[in-house]
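Report on the following structure.
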Ligand code: ASP
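Residue numbers (our numbering): 7 to 358.
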C-alpha cells in the first residue's frame with residue numbers, strides 16, 4: 007500500500023481535483039497540509055492562523071474562512087464548512103498557539119476526506135507527543151491499530167499532547183507522511199508537490215534540471231541545506247525501513263519525479279541550495295567533483311563576480327564586497343554572502 011502526502015498547493019480550489027486523480031485503490035493513507043498559496047503573493051493558511059492567534063484580528067479569520075469556503079464550493083464538496091469553521095474558531099480561545107496553527111490541517115483533512123469519500127482520521131488522537139517530543143512508540147501503535155482496507159485522510163503537521171495539540175516545525179506534514187508510511191508498512195511514500203521532483207537548484211529562480219535518484223543521506227543533507235522540497239526529519243523514519251520516497255509533481259503525476267532510496271545520485275552536481283540566515287545568504291553546493299575541478303569552478307565564479315583578474319587577489323576583493331566566507335570540504339562547498347549568489351554561481355558550476 008502507498009501513503010501519499012499532498013502539500014498546500016494541492017489543497018487549493020483549482021488544484022484539489024488533482025488529489026482525486028492521483029489517489030486510487032493502492033493508497034491507504036492520504037496526509038494533507040493546510041490550504042496553501044493560490045498565487046505568489048498569497049498567504050499560507052498556517053501563517054494567517056498564527057497571525058490571527060497573536061492579534062485576534064477578525065479580518066484575518068475571514069480570510070482563512072474564505073479559503074476553505076472556496077475550496078469546498080469550487081469543488082462541490084458536500085460538507086457544512088461554515089459549521090466546521092465556527093467550531094474551529096471557538097476552540098482558538100480555549101487553547102494555545104500550536105493548537106491554533108493545527109486548525110488548517112484539520113480543516114483540510116475533513117474537506118479532503120469528504121471529497122474522496124474516505125474516512126477522516128483525527129491526528130490529535132493518533133500522532134501523540136510526550137514531554138515535547140513525538141511519542142513514536144504510541145503513535146506507531148495507534149496507526150497500526152487503524153483498520154486497514156479503507157482509505158483514510160489525516161491532517162499533517164500536528165498531533166495531540168497532554169491538554170492540547172503540538173505541531174512539528176514548519177513543513178512538518180512531510181514528517182506525518184513519513185510516520186504513517188513507516189507504521190503502515192507502506193511500499194512507497196509519495197510526496198506530491200508542485201515541482202517535478204528535486205531539482206539541482208530552485209527551479210523558480212534558475213533553469214535547473216531534475217535529479218532522478220538520491221540516497222536518503224543525500225536527501226537529508228539537501229533538505230538541511232535549504233532545499234524546501236522535503237522536511238529533513240521526514241527522511242529517517244522511512245530510511246530505517248527502506249521505504250522509497252517518490253517526490254512528484256501532482257500536475258504531472260505520470261512524470262518520474264525523484265526517487266529517494268538507498269541508491270545514491272548519478273549527478274555530479276547534486277544540488278545548489280541557498281537559504282537566508284539572519285542578514286546573510288548561505289549557499290550550499292553538494293557535488294561529486296574531484297577537489298581540483300570544484301576549485302577551478304569556484305575560481306571561474308570568483309572571476310565572474312570580480313573585476314580583478316588574479317583569483318588570489320579577487321578572493322580578498324570579493325570577500326570585502328559580498329562574500330564573507332568560503333568553506334570547502336569533501337563534497338560540500340559553502341559560501342556565506344551578503345547578496346544572493348544563486349544566479350551567478352549556478353552557471354559557473356555547470357560549465358566544464
Ligand atoms: N501548513 C504547515 C506549514 O505551512 C505544515 C505543512 O504544510 O507541512 O508549514
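Here a beta-carbon is modelled for each residue, glycine too, at the ideal position from N, C-alpha and C. Values in this document were obtained by computation on a predicted structure and should not be read as measured data.
Query                                                                                                                                  : Result
For residue 303, the first and last residue of its enclosing alpha helix (DSSP H)                                                      : 297 to 311
Any non-hydrogen atom of the ligand ASP closer than 7 Å to residue 50 Cβ                                                               : yes
Three-state class that DSSP yields for residue 31 in the structure shown                                                               : coil
Distance CB(residue 188)-CB(residue 107) smaller than 8 Å                                                                              : no
beta-carbon residue 40 near the ligand ASP non-hydrogen atom, thresh 7 Å                                                               : yes
Where residue 335 falls: helix, strand or coil (DSSP)                                                                                  : strand
Integer-rounded CB distance, given that residue 149 should sit under 8 Å from residue 186                                              : 6 Å
Contacts around residue 209, its chain only, beta-carbon distance under 8 Å, and the 5 residues preceding and following it disregarded : 201 and 202
Length of the line joining the Cα atoms of residue 270 and residue 214                                                                 : 19 Å
Collapsed DSSP secondary structure at residue 183 in the structure displayed                                                           : helix
Residue 232 CB to nearest heavy atom of the ligand ASP below 7 Å                                                                       : no
Which of helix, strand or coil DSSP assigns to residue 266                                                                             : strand
Which of helix, strand or coil DSSP assigns to residue 136                                                                             : strand
Nearest-angstrom Cα separation, counted from residue 253 out to residue 45                                                             : 22 Å
Three-state class that DSSP yields for residue 50 in the structure shown                                                               : coil
Heavy atom of the ligand ASP within 7 Å of residue 154 beta-carbon                                                                     : no
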